[in-house]
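Everything below concerns the one structure shown next.
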Amino acid sequence: MRLLFSLILILLVFSCESDDICAESINSTPRLIITFYDAENIETRKDVEDLAIYAIKDGQLTLMNEINGITTDSINIPLRNDQSVSNFKFYKDFSIVENIADGIVDHLYVEYEIYQIFISKACGFINNYNLLNFLPYDPFENPSPPANWISGYVIENNLIENENQSHVKIFH
Amino acid sequence: MLKYFISTLVTLSCIVIETNATVSNDSLKKFGIRIGTDLQKIIRSASSQEYNGISFNADIRFKESIFMFSEIGNEKKIVEYSSIDSEISGNYIKLGLQFKLNKDIIGLRNLIYSSFGLGISSFNQTILRYNIYNIYSDLWGEFTNTDAINLENLNANWIEIGFGVKTEILNNLFLGIELQLKNLIYQKNKNDIANFYIPGFNRTYESSNFGTGFNYSLTYLIPIIKK
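For the record, the sequence lines run as chains A and B.
Those letters in the first sequence? Residues 587 to 758, per my numbering, in order.
Those letters in the second sequence? Residues -17 to 209, per my numbering, in order.
Structure, rendered in structure tokens:
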């Protein structure tokens, strides 16, 4: 009987370990990965000079912290989770002149399906996406203006489940 | 639920009738079905907005120191974590054996026992609210989804060992406390979403199959044989 008592006690203590903390090693909701390629030589990566991206939310423009005039050939951008469309302004040769953004600008329209994936009671869920549409212009603007610096795009992976590979190629 | 309760009683009464003939040489002084309820569930239901539950139990002595027991119950529970709120509701049944550990003292009918049983639960879970875990939420803002996710026809089985005491507070009326340790054998999940609570099993843990529980039971012994 004493044995049974101690057994119950030990197991009670064991079962009380906390699972209410979301570990930092857990993968977060993946971002859309875009890689930039040379329009004349479509196998070669090409840097975009002074790239800046604004997110458009309810008519408001928000400059992305990490992409604010950098020169790079690949970017990760988070998608909007409260609706299945995200809109962006992609600036090339970006600079701010007297508090006004300056450069060559293209509108990016991204449409997707959202899938919720359960992670844990502490982290909640993450979203995965199925890319439906990726357009270098605003489809609701009529007539659609031609792209200014983006000459083409290819969707490489529709499913955005991780950040291990590029999802979209942009040629310029 | 009443249906289960009645059928449990009927099953147990059949056993009484069956064992009647065989125990005639036994030294049992009093024999009968003990039926009761878990006071802890009633108190929690009254005091907590997040919990509603009731259970009935019955046991019958069929050997000098062995009892057969059954418990049926219904529970509804809302669990709230930082990232998820969920509501679970369903029924359960437990069946098992209790082994008397103490010797009888004349004039006292206290019982110290350990038990071994099997639990079966059938339940539904509704995820009421959940956060989308996103470390890059500074761009678009945090997002909490309040579209409910309904997960229906879930079930689980577990084994349970228990340790308890029962003491007679009035003639044939017993008050008891029991501690339980449970181990899940099987559970059905939907959409890979964890069952945060299982009626009869209680809270679940992500890292193990163990569960714990206790009850305060009030039981009445219906005497059938008095020798």
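Even glycine gets a Cβ: it sits at the ideal position worked out from N, Cα and C.
CB contact check: residue i to chain B, cutoff 7 Å
i: H753 of chain A; result: no
i: F622 of chain A; result: no
i: D644 of chain A; result: no
i: S614 of chain A; result: yes
Min CB distance residue i to chain A below 7 Å
i: D174 of chain B; result: yes
i: K82 of chain B; result: no
i: F125 of chain B; result: yes
i: E150 of chain B; result: no
i: T4 of chain B; result: Confidence in T4 of chain B is poor, its pLDDT being 41 and thus under 50, which makes the residue's placement unreliable; the coordinate value appears in the next sentence. With 7 Å as the cut-off, T4 of chain B does not count as an interface residue toward chain A.
i: E32 of chain B; result: no
i: D8 of chain B; result: Only weak support exists for where D8 of chain B lies, its pLDDT of 42 falling under 50; the value from the coordinates is given anyway. No, because no Cβ of chain A sits closer than 7 Å to the Cβ of D8 of chain B.
8 Å Cβ cut-off: residues of chain B touching residue i
i: A708 of chain A; result: Y63, S64 and S65
i: I712 of chain A; result: I114, Y115 and N116
i: T658 of chain A; result: Within chain B, no residue comes near T658 of chain A; the closest Cβ sits about 17 Å away, beyond 8 Å.
i: F704 of chain A; result: N173, D174, I175 and A176
i: R666 of chain A; result: W122
Candidates the options, of which the one nearest residue i by Cα
i: Y698 of chain A; options: A:L745, A:S660, A:A733 and A:F680; result: A:L745
i: A98 of chain B; options: B:N153, B:S52 and B:N173; result: Checking the displayed sequence, the identity of residue 98 of chain B turns out to be Phe instead of Ala. When each option's Cα is compared against that of F98 of chain B, the closest is B:S52.
i: N137 of chain B; options: B:N171, B:S190 and B:Q31; result: B:N171
i: D129 of chain B; options: B:W140, B:I114 and B:L166; result: B:I114
i: T615 of chain A; options: A:N748, A:H693, A:E626 and A:D688; result: A:N748
i: A609 of chain A; options: A:V740, A:G710 and A:S660; result: A:G710
i: N197 of chain B; options: B:I141, B:N177, B:P181 and B:E160; result: B:E160
i: N101 of chain B; options: B:N165, B:G35 and B:L203; result: A quick correction: the sequence has Gly, not Asn, at residue 101 of chain B. With distances taken between Cα atoms, G101 of chain B lies closest to B:N165.
i: I131 of chain B; options: B:S30, B:T108, B:N139 and B:T149; result: B:T108
i: F183 of chain B; options: B:N56, B:K45 and B:S47; result: B:N56
i: F704 of chain A; options: B:F145, B:F178, B:I75 and B:Y33; result: B:F178
For residue i, the residue or residues it bridges with in DSSP
i: Y701 of chain A; result: A:N714
i: E124 of chain B; result: E124 of chain B pairs with nothing; no bridge assigned.
i: D67 of chain B; result: B:E62 and B:R111
i: E150 of chain B; result: B:F156
i: I253 of chain B; result: The requested residue 253 of chain B does not occur in the structure, where chain B is confined to residues -17 to 209.
i: F720 of chain A; result: A:V696
Contact set between residue i and chain A, taken where Cβ atoms lie within less than 7 Å
i: F178 of chain B; result: K707
Contacts of residue i in chain B (Cβ-Cβ under 7 Å)
i: T648 of chain A; result: L121
Chain D within 7 Å of residue i, Cβ atoms only
i: D636 of chain A; result: Reference to chain D is not applicable here, since the protein chains of this structure are A and B.
Chain-ordered chain B contacts of residue i [CB-CB under 9 Å]
i: A641 of chain A; result: L121 and W122
Does the region 83 to 91 of chain B come close enough to the region 106 to 123 of chain B that 3 or more CB-CB pairs lie under 8 Å? Between the region 106 to 123 of chain B and the region 83 to 91 of chain B, the count of Cβ pairs shorter than 8 Å is below three; the stretches do not touch.
Three Cβ pairs or more, each shorter than 8 Å: is that satisfied between the region 671 to 678 of chain A and the region 636 to 643 of chain A? yes
Could you tell me whether the region 721 to 737 of chain A touches the region 653 to 664 of chain A, where touching means 3 or more Cβ pairs closer than 8 Å? no
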